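Student: The opening position of the sequence shown corresponds to residue 11 in our numbering, with each subsequent residue numbered one higher. Where a beta carbon is used, it is the ideal one built from N, C-alpha and C, also for glycine. The model shown is predicted, which means the values in this text are computed figures rather than measured ones. Would you mind keeping the following structure in view while I ask a few things?
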Amino acid sequence: MKLILVRHGQTEENAAKIIQGQTPGKLTELGVEQAKKIALRLQDEKIDIAYVSDLERTCQTAKQILYFHLKIPVVYTKELRERAWGIWEGKKSEERKEFFNEEGYCINDYKPQGGESFEEMQERMLHFIKTILEKHHKQTVLLVTHGGVLTSFYLHLFQKAKDEYKQYHPQNAAVTILEISEDKKHTVHVLNCVKHLG
């Protein structure tokens with residue numbers, strides 16, 4: 011299966027350094043421009059099906075990409091949502107950072123009240139990937155989703171520890187293209203590429 015993985019464009023919350031989690035998020039003007047540039051980057055790809063996180067920011071991003079792929083089926087799903095941050099959603103990232111520093115927590119070893127642990131998010135993403143691999147093993151699949159879930163997948167795929175999270179975390183509007191198979195062989199064409207943004 012060929013996988014094209016896209017992180018959504020910049021949101022108002024990204025720009026304001028606010029934790030989004032599973033809140034909708036809305037693209038900024040820059041975010042819309044980024045989405046259009048992703049669309050141009052992917053316009054010549056032969057995509058068989060698209061799976062899109064059902065949150066607003068990913069739907070807005072996917073809309074631009076799908077302009078060039080009008081005939082393909084599109085599935086909007088909760089399974090591709092960002093990590094749920096519970097009580098931290100809507101708060102400033104700096105507040106969370108201060109809390110972790112004071113309490114001695116590591117961000118990926120912490121389960122927020124009303125939210126998900128890193129492992130729960132990763133398990134959700136890996137289950138989803140396994141499901142689509144079984145369904146579409148000879149097809150090209152587009153996923154439009156979020157930084158946290160993408161990073162959790164990459165860490166698993168490349169057998170990296172959680173403390174390498176930052177090295178694998180995609181920027182807004184980053185594109186990854188890879189091929190994976192049930193025998194766990196994979197080929198990476200591009201990883202977290204942002205060249206299309208100029």
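(1) Give the C-beta separation of A49 and Q74 to the nearest angstrom, bearing in mind that I take them to be a contact with Cβ-Cβ under 8 Å.
(2) Suppose you measure from the CA of D119 to the CA of E130; what does that come to, to the nearest Å?
(3) Does the beta-carbon of G157, which I'm using as the reference point, lie nearer than 7 Å to any heavy atom of the ligand MG?
(4) Quick check on the DSSP output: what are the complete beta strand (DSSP E) runs of length 3 or more inside the segment 125-205, in order along the chain?
(5) Check I57 in the structure and name its three-state DSSP category.
(6) Measuring CA to CA, which of L188, L152 and K172 is closest to L76?
(7) Taking its Cβ as the centre, do 16 or more other Cβ atoms sit within 10 Å of Y115, making it buried, or is it exposed?
(8) Any idea what DSSP makes of I29, helix, strand or coil?
(9) Enumerate in chain order the residues of its own chain whose CB-to-CB distance from I165 is below 8 Å, with the five nearest sequence positions on each side excluded.
Tutor: On the basis of the supplied data:
(1) 4 Å
(2) 11 Å
(3) Only the bare structure without any ligand can be found here, which leaves the ligand MG out of the picture.
(4) 150-155, 185-190 and 196-203
(5) coil
(6) L152
(7) exposed
(8) coil
(9) For the record, residue 165 in the displayed sequence is Leu; it is not Ile. Hits under 8 Å: Q132, A171, K172, E174, Y175 and Y178.
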